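**Q** Before I ask anything, here is the structure I am working with.
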Amino acid sequence: MTLFLGLVSCNSSATVAEESPQSRFLKSVISLGNDFLNVFTSFGDMVGGVLGFNTNTKKSDVGAYFKKVHDTVEGTKTYLEKIVADMKTEGKHNASGVETAVKILDDYTLSKIIEGASEALKG
90 MTLFLGLVSC NSSATVAEES PQSRFLKSVI SLGNDFLNVF TSFGDMVGGV
140 LGFNTNTKKS DVGAYFKKVH DTVEGTKTYL EKIVADMKTE GKHNASGVET
190 AVKILDDYTL SKIIEGASEA LKG
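So our numbering is basically just the index in the sequence shown, starting at one, shifted up by 89.
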């Protein structure tokens, strides 16, 4: 009888040591959620660090930052357009090539930055 109880108790501890598929799945989901939270937090810290924002940054400081970005890029765009206009007026032979390059830069980059900064200012 003692030998039988010993075998039963050994066998029952083996089933306790094995994890059920449901338990392994739930642990993996929890681990995945924690990993996502770590990545999300790290990304937020990285973006905030690049822009110079932290938890103590006031909303007005963020607005001032995006206003400065908007005004600077808008000024750059205006200056580039003036360069193209001056080149055309002076009859420079490469004015059309420069105009094309400035238009591409404006269409794909500058206008999008200006638009994004404007949206951020709306808040």
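Just so it is clear, CB atoms sit at the ideal spot from N, CA and C, and this is done for glycine as well.
Just so it is clear, the structure is predicted and the values come from calculations on it, not from any experiment.
Output the boundary residues of the alpha helix (DSSP H) element that contains Lys171.
**A** That run of the alpha helix (DSSP H) goes Lys148 to Thr178.
**Q** For Val173 versus Val151, is the C-beta spacing smaller than 7 Å?
**A** Going by C-beta atoms, Val173 is not nearer than 7 Å to Val151.
**Q** Using a Cβ-Cβ cut-off of 6 Å (strictly less than) and excluding sequence neighbours within five positions of Ser102, which residues of its own chain qualify?
**A** Only weak support exists for where Ser102 lies, its pLDDT of 48 falling under 50; the coordinates are left without a value.
**Q** According to the neighbour-count rule (16 or more other Cβ atoms, all chains shown, within 10 Å of its Cβ), is His182 buried or exposed?
**A** So His182 ends up on the exposed side.
**Q** Is DSSP giving Gly141 helix, strand or coil here?
**A** Gly141: coil per DSSP, three-state reduction.
**Q** Where does Ala190 land, buried or exposed, given buried means 16+ other C-beta within 10 angstroms?
**A** Under this definition Ala190 is an exposed residue.
**Q** Using CA atoms only, rank isn't needed, just tell me which of Lys177, Phe155, Glu170 and Ser207 is closest to Ile193.
**A** Selected option, being the one with the closest Cα: Glu170.
**Q** Pop quiz: Lys166 and Leu199 are said to be a contact at Cβ under 8 Å. What is the actual Cβ separation, rounded to whole angstroms?
**A** The pair is a contact, with the Cβ atoms about 5 Å apart (cut-off 8 Å).
**Q** Relative to the C-alpha of Leu210, which residue among Phe142, Leu140 and Lys148 is closest?
**A** Checking every option, the nearest Cα to that of Leu210 belongs to Lys148.
**Q** Given this structure, state the Cα-to-Cα distance separating Asn145 from Gly164, to the nearest angstrom.
**A** Roughly 30 Å between the two C-alpha positions.
**Q** If you run the structure through DSSP and keep just helix, strand and coil, what is Glu188?
**A** Glu188 falls in the helix class under three-state DSSP.
**Q** Could you give the residue range of the alpha helix (DSSP H) that holds Leu210?
**A** Counting along the chain, the alpha helix (DSSP H) containing Leu210 begins and ends at Ser200 to Lys211.
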